[in-house]
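First comes the structure, then the notes that go with it.
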Amino acid sequence: MNGISRRGLLQTGVAAGVLGLSGMPLRAQTRGGKLTAGLGGANTTDSWDGRTHSDIFMIAAAHGTVFDCLTEVAADGSLKGELAESWEASADAKTWTFNLRQGVTFHNGKPFGADDVIASLNMHLGEDSKSAAKPIVEAITEMTKVTDHQIQFTLANGNADFPYLMSDYHILMFPAGQIDEAIANGIGTGLYQVVSFDPGVRFVGRRYDDHYKGDSAGFFDEVEFIAINDNTARMNALMTGQVDTINRIDFKTEALLKANPALRIQEVTGNQHYSFPMLTNTAPYDDVNVRRALKYGINRQEMVDKILLGHGQVGNDTPIGPANQYFAAEMEQLTYDPDQAKYYLQQAGLDSIDIDLSASSAAFEGAVDAAQLFQATASAAGININVVQEPADGYWSNVWLKKPFCACYWSGRATEDWMFSTSYEAGVPWNDSQWDDDDSARFQELLLSARAELDSDKRREQYGEMQQILRDDGGVLIPMFANYVQAVNNRIASPDTIGNLWQMDNARMAERWSVA
Amino acid sequence: MGNVLTIIFQRLALGLLTLLIVSVVIFVAVNLLPGDFAQSILGQAATPEAVASIRRDLGLDQPMVTRYFDWLGGALRGDFGSSFARANFASFSGTNSGATTVAEQIAPLFANTMFLAMVTAAIAVPFAIILGILAALYRNSVFDRATNIFTLSSISSPEFFLAYILILFFAVLNPIFPSLSTIFDDMSFSERLEKSMLPALTLTLVVTAHMMRMTRAAIINLLASSYIEMARLKGLSPMRVIVIHALPNALAPIINVIALNLAYLITGVVVVEVVFVYPGIGQLFVDSVKIRDIPVVQACCLIFATAFILLNLTADIMSILSNPRLRHPK
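Have a look at this one:
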């Protein structure tokens, strides 16, 4: 509301309310200017190859700036088309027909069509492919080009989330037949074309003139992303005005940034969570009562306050977070209750129990402290936790999935099914609680039926029940969800709703933000 | 002069031997660290199959001795191989676009490191020597004491602390220099100079004390000798006595200390690089150790060792040349 007098505000207040109701943006976004972002999470090995992307610098530069996917998750979590205009499923959610946008060109002038989609998806297949999106693309048994701008996918099993999966940042659309060149030079259909790219150092992009998103997105003339992996250096760069925005604010210095009137902090809770998985096929964790005792023996609020310094939300032992569609926000919250913990321990036929908890800073920042807090609160219920401090080196290969009780983190997934089938489905390699069919028959049954269910209300019901099962019986303690915190100079305007799926407005700040 | 050439050849031969030993020590040390490249790079995704597949692709399943001699054979032919990370990403994507050699990867970063070292040397060496001469000239005065306190406290403070103090005064409170020193290929020389100024000043503070105190001590040491007394009795000004008579004879130890500090500017600036986001070789080195990327670690260590060997050699030769007695041995 810069530049509006008080009287003016009163006069326009009513109109603004109407605009707000109609869903129109309150602020007109200005075209022009430049966005300079200082981003942690860059590597000297970065390239334009979407299959290798795993950290925010390349996700923001490729997925959010130079390239497009078929679909896009909007800031409010809903799904909208990006290179696909619309899509339609058969009743069993096995056959999907996507209508592609017409008149789209790559930055080298090549028109975009169905062949590009097929070639781009095929990049993830092949025996040697180590693409993180391989499981998604493998589920497609057949891709048929109906017309130049219509394509039909046949899936091995029905999947109602298929259009959501097509928004994955690994599955970028490359020009068919020129993929090597596109990877080398960064040729996509995105809002900005590459001016220069220095892996692990800097990316500069210029607005692509006739982009299909037109005036609705991509407001800057130029964007520059500078790789700043050091927390303090990133903060200095923002404080001295050399960059307009930075990601991953150090919680300890957040107050200093808040005190600066030229800056504002953006904080959103997404799906990123810290967890303590226990192997449910190993004693004593094979007894659901022991698991329940532990669920009541942990003080979740204290963890959020002391480990995250308040920058998070308590978890309810489900990996489904506020950035998911069917997040069961109204489910009763588990709280610290030593009497309940004692009760469940007695149900398991025990007065007290001695267990080892393995932790290391490799799992998450403060994991060892979190384990010690857990030790202190659980002892009141007769649960004696011995904290084993593991070396950070080799933690994921030697401790996680191997030690019966350890610390872990997950960045979460955009859809419920994706998250569950990554680490809760019976038999998948990353099922870090070894939850098998015997222990979780109902959960596994629901997982399969919800996957193919196209009716949103029914899915909400099914996913709600699954979250309840996880909360009551699951083998993973999820005490907290960690916020994404970033800071922006007031020179730059951002919409009121900020995406919470990834940092930096779902890595789309170049698309959604503008000069104030 | 023939004598000097013999020394150069001897020292170069010894230097090569040193490099060989350094490469063995580093190779063994990196292998002794827990975890290997495959485990570090996969992190949470380190399933046994994935680890085995990366090890197979990169030849990490071979015995250590075989791997070392493979590397040595390549290095002797001037081929330092490809960094594991780049090679792995290239096989990841099934294209060869990413597989650059270690040499190509290091060259631009090393050029940046050398640029920063030279800027720093250009400021620090004259600064330290002039301070040292003045301190010797006005020894035990307030100026001498103040210089000593200032340089000693700056060498005693951790580098990142000095860096943040400079950022506070020269970037935040008085925005004279940028706190971000990212330099790019397409920058002009003056832009690079401006961007590198704060890291260069930080390093200047770190290396000045050593050189300045050596200059002061070496000169004062000579002031008791009889030829200096003679010069004084002739009625020469104290400045002339020190600069013309004492300094040339004090050069050998000063040159040695300068060489040591220059070597430090090439090998020891990781912290400063991180604080100012300067794209030098130090960060690459630390990152490579973290992910156990042996080809890059080896190449960096050899560069560091070479810098030490060559600078020490230069220092010795300069000492000989600056000393007529050594130049013309009986």
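Residue numbers (the working numbering), protein chains in the order written: chain P, 1 to 516; chain A, 1001 to 1330. Backbone N, C-alpha and C fix where the C-beta goes; we use that ideal spot for every residue, glycine too. From a predicted model like this one, the values you see are computed outputs, not experimental measurements.
Q | Any C-beta of chain P under 8 Å from that of A:Gly1132 | A | In the second sequence, counting from the first residue as 1, residue 1132 of chain A sits at position 132. Closer than 8 Å: no.
Q.
Contact defined as beta carbons within less than 8 Å: I believe P:Thr95 pairs with P:Ala84. What is the distance between those atoms, to the nearest angstrom?
A. Translated into positions along the first sequence, residue 95 of chain P becomes position 95. Translated into positions along the first sequence, residue 84 of chain P becomes position 84. In fact, because the Cβ distance is near 15 Å, the residues do not count as touching under 8 Å.
Q) Looking at C-alpha atoms only, which residue of A:Ala1171, A:Gly1132 and A:Ile1041 is the closest neighbour of A:Thr1215? A) By one-based count along the second sequence, residue 1215 of chain A stands at place 215. Cα-wise, what sits closest to A:Thr1215 is A:Gly1132.
Q.
Which residue wins for smallest C-alpha separation from A:Met1239, given the options A:Ile1219, A:Ile1255, A:Ile1254 and A:Asn1256?
A. Here the question's residue 1239 of chain A lines up with position 239 in the second sequence. Ranking the options by Cα distance to A:Met1239, first place goes to A:Ile1219.
Q) Which stretch, first to last residue, makes up the alpha helix (DSSP H) that contains P:Tyr395? A) Sequence index remark: in the first sequence, residue 395 of chain P carries index 395 (1-based). Tyr395 to Asn398 is the span of the alpha helix (DSSP H), which, as asked, contains P:Tyr395.
Q) Around the C-beta of P:Thr280, are 16 or more other C-beta atoms found within 10 angstroms, so that it is buried, or is it exposed? A) Taking the first residue of the first sequence as 1, we reach residue 280 of chain P at position 280. Classification for P:Thr280: buried.
Q) Taking P:Thr147 as the reference, which of P:Asp116, P:Gln468, P:Ser129 and P:Gly64 has the closest Cα? A) Counted from its first residue, the first sequence places residue 147 of chain P at position 147. Looking at the Cα atoms, P:Asp116 is the closest of the given residues.
Q: Could you name the residues of the segment 167-178 of chain P whose beta carbon sits closer than 9 Å to any beta carbon of chain A, in the order they occur along the chain?
A: none
Q. Are the CB atoms of P:Asp244 and P:Asn489 nearer to each other than 8 Å?
A. The residue given as residue 244 of chain P occupies position 244 in the first sequence. The residue given as residue 489 of chain P occupies position 489 in the first sequence. In this structure, P:Asn489 lies closer than 8 Å to P:Asp244 by Cβ.
Q | Residue from P:Asp180, P:Thr144, P:Gly158 and P:Gln467 with nearest C-alpha to P:Glu524 | A | Residue 524 of chain P lies beyond the residue range present for chain P, which begins at 1 and ends at 516; the question has no answer from this structure.
Q | For P:Glu267 and P:His311, believed in contact at Cβ under 8 Å, the rounded distance | A | Your numbering for residue 311 of chain P matches position 311 in the first sequence. Your numbering for residue 267 of chain P matches position 267 in the first sequence. About 7 Å; that satisfies the 8 Å criterion.
(Q) Please classify P:Gln102 as buried or exposed, where buried requires at least 16 neighbouring CB atoms within 10 angstroms. (A) Counted from its first residue, the first sequence places residue 102 of chain P at position 102. Per the 10 Å Cβ criterion, exposed.
**Q.** Residue span of the alpha helix (DSSP H) that contains P:Asn108, given as start and end
**A.** Reading the first sequence from its first residue, position 108 is the one you call residue 108 of chain P. No alpha helix (DSSP H) contains P:Asn108, which DSSP labels as neither H nor E.
Q.
Which residues in chain P have a C-beta closer than 7 Å to the C-beta of A:Leu1284? List them in chain order.
A. Position 284 of the second sequence, counting from 1, holds the residue named residue 1284 of chain A. Neighbours of A:Leu1284 on chain P, chain order: Thr44.
Q. Can we say the segment 286-305 of chain P touches the segment 242-262 of chain P, given the rule of at least three CB pairs closer than 8 Å?
A. no
Q. Buried or exposed: where does A:Ser1181 fall if 16 or more other Cβ atoms within 10 Å of its Cβ makes it buried?
A. As a first step, residue 1181 of chain A must be located in the second sequence, where it is residue number 181. The residue in question, A:Ser1181, is buried, as its Cβ has 16 or more Cβ neighbours within 10 Å.
Q.
Would the segment 73-91 of chain P count as touching the segment 159-166 of chain P if we require 3 or more Cβ pairs under 8 Å?
A. yes
Q: List the residues of chain A whose Cβ lies closer than 7 Å to the Cβ of P:Met239, in chain order.
A: Here residue 239 of chain P refers to the residue found at position 239 of the first sequence. Within 7 Å Cβ-Cβ: Val1172.
Q) Which first and last residues belong to the alpha helix (DSSP H) in which A:Val1051 is found? A) If you number the second sequence from 1, residue 1051 of chain A lands on position 51. Unbroken alpha helix (DSSP H) run through A:Val1051: Pro1048 to Leu1058.
Q.
On the DSSP letters alone, give me the boundaries of the alpha helix (DSSP H) that A:Arg1216 sits inside.
A. Position 216 of the second sequence, counted from the first residue, corresponds to residue 1216 of chain A. Segment Met1197 to Leu1223, the alpha helix (DSSP H) holding A:Arg1216.
Q: Pull up the CB-CB distance for A:Val1270 and A:Val1286, whole angstroms please, since I reckon it's below 8 Å.
A: Position 270 of the second sequence, counted from the start, is the residue given in the question as residue 1270 of chain A. Position 286 of the second sequence, counted from the start, is the residue given in the question as residue 1286 of chain A. That pair is a contact at about 6 Å.
Q: Answer with buried or exposed for A:Arg1327, where buried requires no fewer than 16 other C-beta atoms within 10 angstroms of its C-beta.
A: Looking up residue 1327 of chain A in the second sequence gives position 327. By the 10 Å Cβ count, A:Arg1327 comes out exposed.
**Q.** Residues near P:Ile246 in its chain [Cβ-Cβ closer than 6 Å; skip 5 each side]
**A.** Translated into positions along the first sequence, residue 246 of chain P becomes position 246. The answer, listed in chain order, is Gly38, Arg234, Leu238 and Ala487.
Q: Would you check if there are 3 or more beta carbon pairs closer than 8 Å linking the segment 1140-1156 of chain A to the segment 168-175 of chain P?
A: no
Q) Using the beta-carbon count (16 or more within 10 Å), is A:Pro1279 buried or exposed? A) The count along the second sequence starts at 1 and reaches residue 1279 of chain A at position 279. Per the 10 Å Cβ criterion, buried.
Q: Please list, in chain order, all residues of the same chain as P:Ala367 whose beta carbon is under 7 Å from its beta carbon, the five residues on each side excluded.
A: Mapped onto the first sequence, residue 367 of chain P falls at position 367. Ala359, Ser360, Ser361 and Ala407, listed in sequence order.
Q: Select from the segment 1264-1281 of chain A all residues with a C-beta closer than 8 Å to any C-beta belonging to chain P, and list them in chain order.
A: Val1274, Val1275, Phe1276, Val1277 and Pro1279
Q) Are the C-beta of P:Ala233 and some C-beta of chain A separated by less than 8 Å? A) Within the first sequence, numbered from 1, the residue matching residue 233 of chain P stands at position 233. Output row for P:Ala233: interface = yes.
Q. What whole-angstrom Cβ distance do P:Thr97 and P:Gln150 have, given they're in contact under 8 Å?
A. To locate residue 97 of chain P, count along the first sequence from 1; it is residue 97. To locate residue 150 of chain P, count along the first sequence from 1; it is residue 150. P:Thr97 to P:Gln150, Cβ: 7 Å. Contact.
Q: Tell me, please, whether the CB atom of P:Arg202 is closer than 8 Å to any CB atom in chain A?
A: Position 202 of the first sequence, counting from 1, holds the residue named residue 202 of chain P. So yes, P:Arg202 belongs to the interface.
Q. Roughly how many whole angstroms lie between the Cα atoms of A:Arg1055 and A:Phe1084?
A. Position 55 of the second sequence, counted from the first residue, corresponds to residue 1055 of chain A. Position 84 of the second sequence, counted from the first residue, corresponds to residue 1084 of chain A. If you take the alpha carbons of A:Arg1055 and A:Phe1084, they lie about 10 Å apart.
Q.
Once DSSP output is grouped into helix, strand and coil, what is the label at P:Tyr336?
A. By 1-based counting over the first sequence, the position of residue 336 of chain P is 336. Of the three classes helix, strand and coil, the one that applies to P:Tyr336 here is coil, per DSSP.
Q | Cβ pair count under 8 Å reaching 3, the segment 498-507 of chain P against the segment 337-349 of chain P | A | no
Q) How long is the line joining the alpha carbons of A:Asp1144 and A:Tyr1138, rounded to whole angstroms? A) Mapped onto the second sequence, residue 1144 of chain A falls at position 144. Mapped onto the second sequence, residue 1138 of chain A falls at position 138. Going by the C-alpha atoms only, they are around 6 Å apart.
Q: Scan the segment 450-506 of chain P and note each continuous alpha helix (DSSP H) run of 4 residues or more that stays entirely inside, going in chain order.
A: 456-473
Q.
Distance check for P:Glu222 and P:Gly33, CA to CA, integer angstroms please.
A. Locating residue 33 of chain P in the first sequence gives position 33, counting from the first residue. Locating residue 222 of chain P in the first sequence gives position 222, counting from the first residue. Computed Cα separation, rounded: 7 Å.
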